[in-house]
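Colleague: Here it is, the structure in full.
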Amino acid sequence: MNTKLLFTMAVAATAFVVPVAGYAADEYNVSSGITTRGVPLGVHGFDTVALSTGGSVIHGDATHTIVNDGVAYYFATAEAASLFANDPEKYAPQYGGFCAYAVALGKKFDGDPRFADIVAGKLYLFVNASIFAEYKKDKENILKEADKMWAGIRSTAVEDIR
Numbered sequence: 365m366n367t368k369l370l371f372t373m374a375v376a377a378t379a380f381v382v383p384v385a386g387y388a389a390d391e392y393n394v395s396s397g398i399t400t401r402g403v404p405l406g407v408h409g410f411d412t413v414a415l416s417t418g419g420s421v422i423h424g425d426a427t428h429t430i431v432n433d434g435v436a437y438y439f440a441t442a443e444a445a446s447l448f449a450n451d452p453e454k455y456a457p458q459y460g461g462f463c464a465y466a467v468a469l470g471k472k473f474d475g476d477p478r479f480a481d482i483v484a485g486k487l488y489l490f491v492n493a494s495i496f497a498e499y500k501k502d503k504e505n506i507l508k509e510a511d512k513m514w515a516g517i518r519s520t521a522v523e524d525i526r
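Shown next as structure tokens:
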């Protein structure tokens, strides 16, 4: 094989690896597959700005996509996308979008945007209505425990958590 062909093959192979290299797969709860941006979708495509500002559970649109830390987020409007782009820490869900109650127990379960809470300006998701109701009984302690546990499980794959 000549050098030019080897170089072309190496560049082509890198094109498939580079978009994924910056993505910490185990730190985010993402949908399977990838978006047209080449990265996985966070929060099941729901608009986190709408959740954070008014509690509205609305689907975002791929035409209003912001990629943050290797995860694509969809927004219902260009304005919402701009708000997120300017302050992703304010609008991205805590614990990578995993259920906050599960994180407090050292687990990673799906976070469902229909069961969300805003505490001190931060968005927390929960797996279902019954877990959300349990969380409401002791919010402060559950979130404190989740903060402690997240440091230890953040980079651990879901399948590796016992």
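Using our numbering, the letters of the sequence shown correspond one by one to residues 365 to 526.
Beta carbons: idealized from backbone N, C-alpha and C, even for Gly.
What first and last residue would you give for the alpha helix (DSSP H) that runs through Phe-448?
Modeller: Translated into the one-based positions of the sequence shown, residue 448 becomes position 84. Per DSSP, Phe-448 belongs to the alpha helix (DSSP H) from 442-450.
Colleague: Over what stretch of residues does the alpha helix (DSSP H) that includes Thr-417 continue unbroken?
Modeller: The residue given as residue 417 occupies position 53 in the sequence shown. Note, Thr-417: alpha helix (DSSP H), 412-418.
Colleague: Please return the same chain residues whose Cβ sits closer than 6 Å to the Cβ of Ala-445, not counting the five positions on each side in sequence.
Modeller: Numbered from 1 along the sequence shown, position 81 holds the residue referred to as residue 445. Correct list, in chain order: His-428, Ile-430 and Phe-439.
Colleague: Just the C-alpha distance for Leu-415 and Gly-461, rounded to the nearest angstrom, thanks.
Modeller: Counted from its first residue, the sequence shown places residue 415 at position 51. Counted from its first residue, the sequence shown places residue 461 at position 97. In a straight line, the C-alpha of Leu-415 is about 13 Å away from that of Gly-461.
Colleague: For Ser-480, which option in Ala-497, Lys-472 and Lys-471 has the closest C-alpha, if you only look at C-alpha atoms?
Modeller: Position 116 of the sequence shown, counted from the start, is the residue given in the question as residue 480. Going by the sequence as given, residue 480 is Ala instead of Ser. Nearest option by C-alpha distance: Ala-497.
Colleague: Where does Gly-576 sit, in a helix, a strand or coil, going by DSSP?
Modeller: The displayed coordinates of the chain run from 365 to 526. Any statement about residue 576 would go beyond what the structure contains.
Colleague: Given a threshold of 16 other Cβ atoms within 10 Å of its Cβ, counted over all protein chains shown, does Asn-393 qualify as buried or as exposed?
Modeller: The sequence position of residue 393 within the sequence shown is 29, counting from 1. Its Cβ being crowded by 16 or more others within 10 Å, Asn-393 is buried.
Colleague: Output the boundary residues of the beta strand (DSSP E) element that contains Asp-476.
Modeller: Reading the sequence shown from its first residue, position 112 is the one you call residue 476. Start and end: 476-483.
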